[in-house]
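*Asks:* The sequence shown runs 146 to 991 under the working numbering.
I'd like to ask some things about the structure below.
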Amino acid sequence: MAKQYDFQKIEKKWQEKWMKEKIYEPDFLGSKKTFYNLMMFPYPSAEGLHVGNMYAFTGADIFGRFKRMHGYDVFQPIGLDGFGIHSENYALKIGTHPMEQAKISEGRFYKQLEMIGNGFAWDEKLETYDPDYYKWTQWIFVQMWRNGLAYRKKQPVNWCPSCKTVLADEQVVAGKCERCSTEVIKKDLEQWFFRITKYADKLLENLEKIDWSERVKIAQRNWIGKSEGALIKFPVSIGGKNSEFSIEVFTTRPDTLFGATYMVLAPEHELVEKLSDKITNFSEVGEYIAETKNKSDEERIENKEKTGVELKGVMAVNPTNNKEIPIFMSDYVLSGYGTGAIMAVPAHDERDLEFAEKHDLKIDVVVVPKDFSPSSSYFSYTADEQKEYWRMKIKNNGVFTETGTLVNSGKFSGMDSKKAKSEITKFVNGKLTTQFRLRDWLISRQRYWGAPIPMIYCESCAKNGKCEIDDKEMSGWYSVPDKDLPVILPFVKEFRPEGKGESPLASLESFYETECPNCGGKARRETDVSDTFLDSAWYYLRYPSVNSKTKETKPWDVEITKKWLPVNLYTGGAEHSVLHLLYVRFVAMAFNDMGLVDFDEPFPKFRAHGLLIKEGAKMSKSKGNIVNPDEYIKKFGADALRMYLMFLAPFEQGGDFRDAGILGVVRFLERVWKLANSKKNINSKKTDAIDKKLEQLLHKTIKKVTDDIEALQYNTAISALMIFLNEFESHEEFVEEYFKIFLKLLAPFAPHISEELWFEFNDDVKKSIHLESWPEYDEKYLIDDTYILVIQINGKLRDQVEIKRGLSKNEIEKFAMSRDKVKQLVADKKIKKIIVVPDRIINIVI
Ligand code: ANZ
Ligand code: ZN
Numbered sequence: 146m147a148k149q150y151d152f153q154k155i156e157k158k159w160q161e162k163w164m165k166e167k168i169y170e171p172d173f174l175g176s177k178k179t180f181y182n183l184m185m186f187p188y189p190s191a192e193g194l195h196v197g198n199m200y201a202f203t204g205a206d207i208f209g210r211f212k213r214m215h216g217y218d219v220f221q222p223i224g225l226d227g228f229g230i231h232s233e234n235y236a237l238k239i240g241t242h243p244m245e246q247a248k249i250s251e252g253r254f255y256k257q258l259e260m261i262g263n264g265f266a267w268d269e270k271l272e273t274y275d276p277d278y279y280k281w282t283q284w285i286f287v288q289m290w291r292n293g294l295a296y297r298k299k300q301p302v303n304w305c306p307s308c309k310t311v312l313a314d315e316q317v318v319a320g321k322c323e324r325c326s327t328e329v330i331k332k333d334l335e336q337w338f339f340r341i342t343k344y345a346d347k348l349l350e351n352l353e354k355i356d357w358s359e360r361v362k363i364a365q366r367n368w369i370g371k372s373e374g375a376l377i378k379f380p381v382s383i384g385g386k387n388s389e390f391s392i393e394v395f396t397t398r399p400d401t402l403f404g405a406t407y408m409v410l411a412p413e414h415e416l417v418e419k420l421s422d423k424i425t426n427f428s429e430v431g432e433y434i435a436e437t438k439n440k441s442d443e444e445r446i447e448n449k450e451k452t453g454v455e456l457k458g459v460m461a462v463n464p465t466n467n468k469e470i471p472i473f474m475s476d477y478v479l480s481g482y483g484t485g486a487i488m489a490v491p492a493h494d495e496r497d498l499e500f501a502e503k504h505d506l507k508i509d510v511v512v513v514p515k516d517f518s519p520s521s522s523y524f525s526y527t528a529d530e531q532k533e534y535w536r537m538k539i540k541n542n543g544v545f546t547e548t549g550t551l552v553n554s555g556k557f558s559g560m561d562s563k564k565a566k567s568e569i570t571k572f573v574n575g576k577l578t579t580q581f582r583l584r585d586w587l588i589s590r591q592r593y594w595g596a597p598i599p600m601i602y603c604e605s606c607a608k609n610g611k612c613e614i615d616d617k618e619m620s621g622w623y624s625v626p627d628k629d630l631p632v633i634l635p636f637v638k639e640f641r642p643e644g645k646g647e648s649p650l651a652s653l654e655s656f657y658e659t660e661c662p663n664c665g666g667k668a669r670r671e672t673d674v675s676d677t678f679l680d681s682a683w684y685y686l687r688y689p690s691v692n693s694k695t696k697e698t699k700p701w702d703v704e705i706t707k708k709w710l711p712v713n714l715y716t717g718g719a720e721h722s723v724l725h726l727l728y729v730r731f732v733a734m735a736f737n738d739m740g741l742v743d744f745d746e747p748f749p750k751f752r753a754h755g756l757l758i759k760e761g762a763k764m765s766k767s768k769g770n771i772v773n774p775d776e777y778i779k780k781f782g783a784d785a786l787r788m789y790l791m792f793l794a795p796f797e798q799g800g801d802f803r804d805a806g807i808l809g810v811v812r813f814l815e816r817v818w819k820l821a822n823s824k825k826n827i828n829s830k831k832t833d834a835i836d837k838k839l840e841q842l843l844h845k846t847i848k849k850v851t852d853d854i855e856a857l858q859y860n861t862a863i864s865a866l867m868i869f870l871n872e873f874e875s876h877e878e879f880v881e882e883y884f885k886i887f888l889k890l891l892a893p894f895a896p897h898i899s900e901e902l903w904f905e906f907n908d909d910v911k912k913s914i915h916l917e918s919w920p921e922y923d924e925k926y927l928i929d930d931t932y933i934l935v936i937q938i939n940g941k942l943r944d945q946v947e948i949k950r951g952l953s954k955n956e957i958e959k960f961a962m963s964r965d966k967v968k969q970l971v972a973d974k975k976i977k978k979i980i981v982v983p984d985r986i987i988n989i990v991i
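Here it is as structure tokens:
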């Protein structure tokens, strides 16, 4: 055995060996105890993997190794989420073609993932840009289409002027493009959508039954944004007379209806056009529409200036009292939510209040806190005076936005808000309903680097009203027949988006010219590609089936899927809370309803790992403080880097990477090596003379490491290993058996050194430590041999002392009576009774 701990040599040796011997490959069909340990696959958008990726993979890998040592056949796959804007933008930046860049990144990323000592099943790796993979991504699109879950529609969509493509709502962060931080604008375009809203309720309800990090569940709940309210119609009056028109609003507060003093339409509201000849200031209105057209939702929600314009010549009628109220247009009302129109209640809504104050509109208080009661003189006031009375009374408290008791609300005055919500809705023939914030998933992208959407449009079939599915609006649209999949993404030299709202494929005749699957005539292929999030919405299903015998005829093998899915543990970043993690659940639910899988949640257990920072600051290129994992591996070894990363803090919390810190871990591993080296040839059988304390500590350590790994508290598991090593080193005797147990506990964290030493100490064994079984502890060692005896006299605590466990009642009594304190207090008093609870307490009654 070498004297020096040569980690470079050791790590390389084992990585090659593991790979060659395929020790991390499960038996897909034969396995009895399966554990599918999945971590989010990375997307190549840089030189190589970030240390943050390493952090995530290491944490997941430790858990997989731990499970494997518990007798599970663990499947831990790896691949690349290589299609999409991330990779395409990166190729653009460095001036390569995404197809070439993919090959370069592949090599680089896989090498790094191997270097850190992950136990991946390399035979099942997959890349989303591989035609063998995206053939099935396209097939999935077709299934969605045939099941009424995909449709095409013209809609104002988020447009990134820099990426020159549309973005899903989820990809717009604070009004900016998630990828390049450019301000996002709105554009009217025909797009493909997936009907995720059909599953809004189920996506919400199922959150109760899955074991996920709470912060991710909260993010999903907010994103789905269920709100209970009512739809209420306000007639439109023109020249003092009711017209045929009406404005429907969605409100969560129908109890405030008597306080609706004006209405607001979104600039896109359809009524504006219909009333164009009735609105007397139409040109002013038109100007306002033009002004707000390109604003992002974020800017609009904020609407700092509370801009808006009144629609003159038309009025709305409050259905509670038939009074006319003015109609405004303002962009703080969004077109994509509710009905795109609101009833404004300035007394109880902050934004309405600001708007009303700016435009000098009436403010009527209609709800007050429950404990507000009117003074006796109130009842002699006129209706207007009563209004003023409440307004003055409530003024100091700002806007009262909560529910309470109704006032100034006709026969509903005095009623509780809750009850009034349904009563008032009934009174005005409204409808109680539920709204969701969740929008349908915009799935098409006008970019190059993605899976072509497998659809064909035939003009002549469209003219004849023909359609593949039962939807007239979709006339002329046909899916590519299964036998023609995949629709191969052709090599296009000029892949840069031109910004005309078209994919580069739209200038490639050889690509888009095709035959109609229905009539055989000339037709046009869809030239948009699908969102990358579709690629990652089903990859977990493909992994176990990558090499199955049905791999060419089915997206996933039925038998294997039954055995291995759903995934046992999914690990990844919390930043994917509402994108990937919502889509993947939706797609699984849809598959479940189509009878394609027998589960409706792909990841019953998900854990979000924390974020890694550097010396207290966020890592970023501009700060120049990015940790390059390769350098550290070269300098200190993968085992040291792994352990250091995990030692920082609990895995779900993240950690602060400090250069000085890693040295502590390096020294620890060197000490492990030294201990092994110095004791290697000593005959060291366990003897009776061995210190009980060490034996006890060993069992305590097994328990601690086991429980901590189970809870992803790797940091405290590592410190338990350090404490044990300290104690072990300080003992004269070296018990080989204990050392082997220690190596097993160390194995998930530092897989290379533990493997090397394992073979050093097991000349006869040929099996990897990673396939060994996890050590067990004996409960009896967990109990200390001493305890604190509580001594009471007449039920009062008088003394406490540490004594040996297991003494008889008599012995305890004798011992207690010999204590000075007890002697003093008892003195010559008569002892009536002595109660002893062994190993706990003695009470002397005098
Ligand atoms: C009257 C009212 C009175 C409202 C009151 C609130 C408080 P959530 O909870 O998010 O669903 N609203 C409805 N549609 C809107 C749109 N397209 N753009 C902007 N705001 C809209 O919010 C529902 C509430 O947001 C609705 O209830 C409506 O204002 C407003 F004291 O109606 B409320
Ligand atoms: Zn046709």
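Glycine included, each C-beta is placed from N, C-alpha and C at the ideal position.
For clarity, every value in this text was computed on a predicted model and none was experimentally measured.
Taking the beta carbon of GLU415 as the centre, do at least 16 other beta carbons fall within 10 Å, making it buried, or is it exposed?
*Replies:* With fewer than 16 Cβ atoms within 10 Å of its Cβ, GLU415 is classed as exposed.
*Asks:* If I measure Cβ to Cβ from LYS419 and keep anything under 8 Å in the same chain, skipping five residues before and after, which residues do I get?
*Replies:* PHE390
*Asks:* Kindly indicate which residue of CYS322, VAL723, ILE487, GLN937 has the alpha-carbon position closest to the one of ARG584.
*Replies:* VAL723
*Asks:* With a Cβ-Cβ cutoff of 8 Å, do SER589 and GLN336 count as a contact?
*Replies:* yes
*Asks:* Check each candidate in THR706, HIS725, ALA753, THR484 and name the one with the smallest Cα separation from ASP743.
*Replies:* Closest by alpha carbon: THR706.
*Asks:* Report yes if the C-beta distance between GLU901 and TRP159 is below 8 Å; otherwise report no.
*Replies:* yes
*Asks:* Measuring straight from C-alpha to C-alpha, what distance separates PHE286 and VAL729?
*Replies:* About 14 Å.
*Asks:* Should ARG969 be labelled buried (16 or more other beta-carbon atoms within 10 Å of its own) or exposed?
*Replies:* The residue asked about is misnamed: residue 969 is Gln in this sequence, not Arg. Classification for GLN969: exposed.
*Asks:* Which residue wins for smallest C-alpha separation from HIS915, given the options ILE979, GLN153, LYS167?
*Replies:* LYS167
*Asks:* Threshold first: 4 residues or longer. Then list the alpha helix (DSSP H) segments lying entirely within the stretch 427-457, N to C.
*Replies:* 427-437, 442-447
*Asks:* Using the Cβ count rule (16 or more neighbours within 10 Å means buried), how would you classify ILE886?
*Replies:* buried
*Asks:* With a threshold of 7 Å (Cβ to nearest heavy atom), would ARG398 be considered close to the ligand ANZ?
*Replies:* yes
*Asks:* Counting pairs of beta carbons, one from the stretch 253-269 and one from the stretch 767-783, are three or more of them closer than 8 Å?
*Replies:* yes
*Asks:* Taking the alpha-carbon of ILE470 as reference, which of LYS708, GLU697, ALA461, ASP923 has the nearest alpha-carbon?
*Replies:* ALA461
*Asks:* With a threshold of 7 Å, establish whether the CB of ALA411 neighbours any heavy atom of the ligand ANZ.
*Replies:* yes
*Asks:* Which whole-angstrom value describes the C-beta separation of ALA719 and ALA753, a residue pair presumed to lie in contact below a C-beta threshold of 8 Å?
*Replies:* 4 Å
*Asks:* Can you tell me whether GLN160 is helix, strand or coil according to DSSP?
*Replies:* helix
*Asks:* Check whether the stretch 193-209 touches the stretch 844-858, taking contact to mean three or more Cβ pairs, one atom from each stretch, closer than 8 Å.
*Replies:* yes
*Asks:* What are the boundary residues of the alpha helix (DSSP H) that includes VAL311?
*Replies:* Unbroken run through VAL311 is the beta strand (DSSP E), 310-312; no alpha helix (DSSP H).
*Asks:* Contact check, LYS123 vs THR406 under 8 Å by CB: the rounded distance?
*Replies:* Here the chain covers residues 146 to 991 and nothing more, so residue 123 does not appear.
*Asks:* Should VAL935 and GLU269 be called a contact, given that it needs their Cβ atoms to be closer than 8 Å?
*Replies:* no
*Asks:* Label ALA733 either buried or exposed according to how many other C-beta atoms from any shown protein chain fall within 10 Å of its C-beta, with 16 as the threshold for buried.
*Replies:* buried
*Asks:* How big is the Cα-Cα spacing for VAL329 and VAL811?
*Replies:* Each residue's Cα considered, the two are about 48 Å apart.
*Asks:* Inspect the CB distances between the stretch 920-940 and the stretch 948-962 and report whether three or more fall short of 8 Å.
*Replies:* yes
*Asks:* Whole angstroms is fine: what's the gap from LYS566's alpha carbon to ALA295's?
*Replies:* 36 Å
*Asks:* Can you give the Cα-Cα distance for ASN955 and VAL971, rounded to whole angstroms?
*Replies:* 18 Å
*Asks:* Evaluate VAL982 with the Cβ neighbour count: other Cβ atoms within 10 Å of its Cβ, from every protein chain shown; 16 or more gives buried, anything less gives exposed.
*Replies:* exposed
*Asks:* Determine the direct distance from the alpha carbon of THR861 to that of LEU927, and round the result to whole angstroms.
*Replies:* 18 Å
*Asks:* CA-CA distance, GLY549 and SER520?
*Replies:* Going from the Cα of GLY549 to the Cα of SER520 covers about 18 Å.
*Asks:* Under the assumption that PHE152 contacts ASP784 (Cβ atoms under 8 Å), give the Cβ distance between them as a whole number of angstroms.
*Replies:* The beta-carbon separation of PHE152 and ASP784, rounded to 6 Å, stays under the 8 Å limit for a contact.
*Asks:* Given that a residue counts as buried once 16 or more other Cβ atoms are within 10 Å of its Cβ, and exposed if not, what is CYS325?
*Replies:* exposed
*Asks:* Using a threshold of 7 Å, is the CB atom of SER441 nearer than that to any non-hydrogen atom of the ligand ANZ?
*Replies:* no
*Asks:* Select from LYS611, ILE633, GLU444, VAL478 the residue whose C-alpha is nearest the C-alpha of GLY320.
*Replies:* GLU444
*Asks:* Count the other CB atoms within 10 Å of the CB of ARG360; is the residue buried (16 or more) or exposed (fewer)?
*Replies:* Residue burial annotation: ARG360 is exposed, with fewer than 16 other C-beta atoms found within 10 angstroms of its C-beta.
*Asks:* Counting beta carbon pairs with one atom in the stretch 570-580 and one in the stretch 371-380, are three or more of them shorter than 8 Å?
*Replies:* yes
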